[in-house]
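One structure below.
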Amino acid sequence: MSKENCLIVFAAGRQLDLLRGEASRIAKENKVDWHIDRADIGMCFCFEDAKAKDAFALTCDNLGISSRGS
Numbered sequence: 000m001s002k003e004n005c006l007i008v009f010a011a012g013r014q015l016d017l018l019r020g021e022a023s024r025i026a027k028e029n030k031v032d033w034h035i036d037r038a039d040i041g042m043c044f045c046f047e048d049a050k051a052k053d054a055f056a057l058t059c060d061n062l063g064i065s066s067r068g069s
């Protein structure tokens with residue numbers, strides 16, 4: 000999976016658990032795979048396509064969780 004559809008998220012604890020659930024839901028809706036890795040700072044959520052990544056970025060914004068493209 001390429002890094003172009005990845006988003007680095009700055010969250011921990013319950014926020015991170017919430018985001019994992021949201022990432023799973025978004026991936027399932029878009030019929031794509033996803034994974035999460037540690038980044039230098041934060042966690043890196045990667046999706047198979049840009050549409051899923053964009054939906055996840057919007058979810059982060061709506062929840063007030065900081066994120067940036069990798």
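Residues in the sequence shown are numbered consecutively from 0, following numbering that gives the first Met the number 0. Don't be surprised by glycine CBs; every beta carbon is placed ideally from N, CA and C. A quick note: this is a predicted structure, and the numbers were derived from the prediction, not measured.
Assigned exposure category for Asn-4 - 16 Cβ within 10 Å defines buried: Buried: at least 16 other Cβ atoms inside 10 Å.
Span separating the alpha-carbon of Ile-64 from that of Ala-38: The alpha-carbon atoms of Ile-64 and Ala-38 are separated by roughly 16 Å.
Helix, strand or coil at Gly-41 according to DSSP, with G and I counted as helix: The three-state reading of DSSP puts Gly-41 in coil, since its state is none of H, G, I, E or B.
Close-in-space but distant-in-sequence residues of the same chain around Phe-46 (CB under 7 Å, 5 per side omitted): If we look at Phe-46 and ignore the five residues flanking it on each side, its Cβ neighbours are Asn-4, Ala-26, Val-31, Trp-33, Lys-52 and Phe-55.
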